[in-house]
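J.: Below you'll find the structure I mean.
Residue numbers (the UniProt record's numbering): 1 to 140.
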């Protein structure tokens, strides 16, 4: 049973990170003026639908399965796990900002997003690398 939980958790995390990456790249590539054009606006709406139907549920499932793995595995508050949870919490917050950014840019009256979101693709990648490293290496 435990191995199935791990497999489902990894699948949910993969879908979540891929969806966040798509949103982050799109948001960093567009400004409010460009986003209002027909082609980019259609793409923003499509990625927004994907975010609502796949990325957000995948994040929720990743959290649920992750907490289940901690309880079933009896990990407690290992230092590597605490560090991972800090990063996952930051990525969850970024996910919320990206979802809001998709709505702002993809709406009928495209509005600008925070300039800090231009760095979000790098943050998503760095966060994913850090999490995988912590889980595999368990450095402390």
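Heads up, the beta-carbon is just placed ideally off N, CA and C, and yes, glycines get one too.
(1) Have a look at residue 105 and residue 116 and give me their C-alpha separation to the nearest angstrom.
(2) With a cut-off of 9 Å, does the C-beta of residue 26 fall near any C-beta of chain C?
(3) Is the beta carbon of residue 29 closer than 9 Å to that of residue 112?
(4) Quick one: residues in its chain with C-beta nearer than 7 Å to the C-beta of residue 123, no 5 flanking neighbours on either side, listed in chain order?
(5) Label residue 114 either buried or exposed according to how many other C-beta atoms from any shown protein chain fall within 10 Å of its C-beta, with 16 as the threshold for buried.
(6) What's the gap between the Cα of residue 4 and the Cα of residue 119?
(7) Are residue 73 and residue 2 closer than 9 Å when you measure CB to CB?
(8) Please say whether residue 16 and residue 90 have beta carbons closer to each other than 9 Å?
(9) Give me, in chain order, the residues of the same chain whose beta-carbon lies closer than 7 Å to that of residue 43; leave out the 5 immediate sequence neighbours on both sides.
(10) Taking a contact to mean a Cβ-Cβ separation below 9 Å, would you say residue 23 touches residue 99 in this structure?
(11) With 16 as the cutoff for other CB atoms within 10 Å, does residue 126 come out buried or exposed?
(12) Rounded to a whole number of angstroms, what is the C-alpha to C-alpha distance between residue 131 and residue 18?
T.: Looking at the coordinates:
(1) The residue you call residue 105 lines up with position 105 of the chain shown. The residue you call residue 116 lines up with position 116 of the chain shown. When rounded, the distance between both Cα atoms is 15 Å.
(2) Absence of chain C from the displayed structure is noted, only one protein chain being present.
(3) Reading the chain shown from its first residue, position 112 is the one you call residue 112. Reading the chain shown from its first residue, position 29 is the one you call residue 29. In this structure, residue 29 does not lie closer than 9 Å to residue 112 by Cβ.
(4) Position 123 of the chain shown, counted from the first residue, corresponds to residue 123. Here the set comprises 94.
(5) By one-based count along the chain shown, residue 114 stands at place 114. Answer is exposed; the Cβ neighbour count stays below 16.
(6) Stepping through the chain shown from its first residue, residue 4 is reached at position 4. Stepping through the chain shown from its first residue, residue 119 is reached at position 119. Taking the straight line joining both Cα atoms gives about 35 Å.
(7) In the chain shown, residue 73 corresponds to position 73, counting from 1. In the chain shown, residue 2 corresponds to position 2, counting from 1. It is a contact, given that the beta carbons lie within the stated cut-off.
(8) Residue mapping note: residue 90 aligns to position 90 of the chain shown, counting from 1. Residue mapping note: residue 16 aligns to position 16 of the chain shown, counting from 1. Cβ distance not < 9 Å, so residue 90 and residue 16 don't count as in contact.
(9) Residue mapping note: residue 43 aligns to position 43 of the chain shown, counting from 1. Cβ neighbours of residue 43 beyond the five flanking positions: 26.
(10) The residue given as residue 23 occupies position 23 in the chain shown. The residue given as residue 99 occupies position 99 in the chain shown. Cβ atoms of residue 23 and residue 99: closer than 9 Å.
(11) Here the question's residue 126 lines up with position 126 in the chain shown. Residue 126 is classed as exposed because its beta carbon has fewer than 16 other beta carbons within 10 Å across all chains shown.
(12) Counting from one through the chain shown, the residue named residue 131 turns up at place 131. Counting from one through the chain shown, the residue named residue 18 turns up at place 18. About 15 Å.
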